[in-house]
Every structure is written in structure tokens, then in C-alpha cells.
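In the numbering used here, the protein residues as written are 65 to 267.
Beta carbons: idealized from backbone N, C-alpha and C, even for Gly.
Input: a single structure, listed below in C-alpha cells.
What follows is the structure, given as C-alpha cells:
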């Protein structure tokens, strides 16, 4: 499949986020989903941070790349998708790594911590993704479990928090997106997901 010229079933995407919002943990679960990691290791191993300095400092410094095969479970007998995933750094000092990864990507996962919300590097990543590299985004709101277990928010307040995050991301996208193209994200068009990478659930 790697050498196949069927590009309709090949995708390259980058995961971008502010530091410590859960990019590498999310990558663990994608590795598990593709059968390359034991379920008990997902979220703990942080396999994409293989560099010694990264492990020592507990941050992503270099963009890590992995190719995974995924089947679309919604379709019977469908051909698998071959996905190349770029796990990018979240620290301001390594923004150049993010830009290079996005330049060669079909799309981007903008990952936002549900509790911390839109941070400085989140804004920078949206500007890089939508404004500079013209890379269509989807939004993954991570660590939603923290709204429930730490803040003990009732459902309506969780909804309000999520709504605020989606609107904040969309305000930046509208400002930067190419003319005559709508790249805003929403649940209605399947471009927003909620979940907890640490605990391995999402919808």
C-alpha cells in the first residue's frame, strides 16, 4: 500500500497544540488503534517522544513521524487509509518544526485542552495552519474528563465551555482562512471531536 499510486486513500496530517495539551498522548492512542501498541501502554508510553532529550525534559522538541493503516469502520469491505502522522512540538521555541510539518500536510488536528482553553501557541498554530500554510483544520478538544472530575461541572456548563472553545477557534479561523473557503469547525460537519487521550475515549 505504501508504494500504491492510489492517493485517494493516503493522508498526511499534523497534530498541533500548545505545550502539554496532549498531542503525544493522543498519538499513542492512534498507534494503539492501528495495532502498534498494547492497550495498557497507550497514554503512558508516549512512543512518539523517542529522543533522549525529549524524554528527559518531558516535552516534544522534534516532529516525530509515523505511518499507520486505518480501516473506515463505517464502510464494509472498504480499502484501508494509509495515514502519515506528524506529532509536532508545542513549545514556542520550536514553531519552525510545526510550520515545516504543516507545509507538507493535507490537514491538521488542532488540539486544545478543555480546561486551559486557547493558549498563545494555540493561536500561533492556527495562524500557521490556516493563514500561512493553508492547511485545513479539524478540532480535538482533549482532557474533557478534567471538566467532569476536577471542576465537577454539570452537563450544561460542560456544553457552554465546549461551545466557547469552538467559537474561539472559529473566530481565529474566519480571520485567517482563504477567501471564498469556509474552514470553520463544527459538530455538524464532523470536524470537532471531544475526548480524553489519557483515558482513551472520544466522540
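Excluding the five sequence neighbours on either side, which residues of its own chain have a C-beta within less than 8 Å of the C-beta of residue i, listed in chain order?
i	result
residue 261	86, 89, 90, 92, 93, 107, 206 and 207
residue 191	236 and 240
Report the rounded CA-to-CA distance for residue i versus residue j, giving the unit in angstroms.
i	j	result
residue 77	residue 147	7 Å
residue 127	residue 165	7 Å
residue 265	residue 184	26 Å
residue 142	residue 256	24 Å
residue 181	residue 217	15 Å
residue 95	residue 144	15 Å
residue 137	residue 97	12 Å
residue 244	residue 237	13 Å
residue 74	residue 250	24 Å
residue 213	residue 227	19 Å
residue 163	residue 196	8 Å
residue 215	residue 160	35 Å
residue 219	residue 267	16 Å
residue 167	residue 246	20 Å
residue 252	residue 231	14 Å
residue 72	residue 254	19 Å
residue 99	residue 135	12 Å
residue 209	residue 140	32 Å
residue 84	residue 174	13 Å
Does the separation of the CB atoms of residue i and residue j fall below 7 Å?
i	j	result
residue 203	residue 233	yes
residue 186	residue 263	no
residue 80	residue 152	yes
residue 176	residue 132	no
residue 240	residue 194	yes
residue 201	residue 178	no
With which residues is residue i paired in a DSSP beta bridge?
i	result
residue 148	76 and 131
residue 200	171
residue 177	206
residue 81	175
Quick one: what's got a C-beta closer than 7 Å to residue i's C-beta in the same chain, skipping five residues either side?
i	result
residue 169	76, 77, 78, 150 and 199
residue 211	178, 179, 217, 222 and 225
residue 248	234, 237 and 238
residue 242	198
Among the residues of its own chain, which have a CB less than 6 Å from the CB of residue i, if the five just before and after it don't count?
i	result
residue 129	150
For residue i and chain B, any beta-carbon pair shorter than 7 Å?
i	result
residue 96	Within the model displayed, chain B is absent; a lone protein chain is all it includes.
> At what residue ranges does the segment 184-266 contain a whole run of the alpha helix (DSSP H), taking only runs of 4 or more?
Replying inline: Here the runs fully enclosed are 184-190, 208-213 and 219-240.
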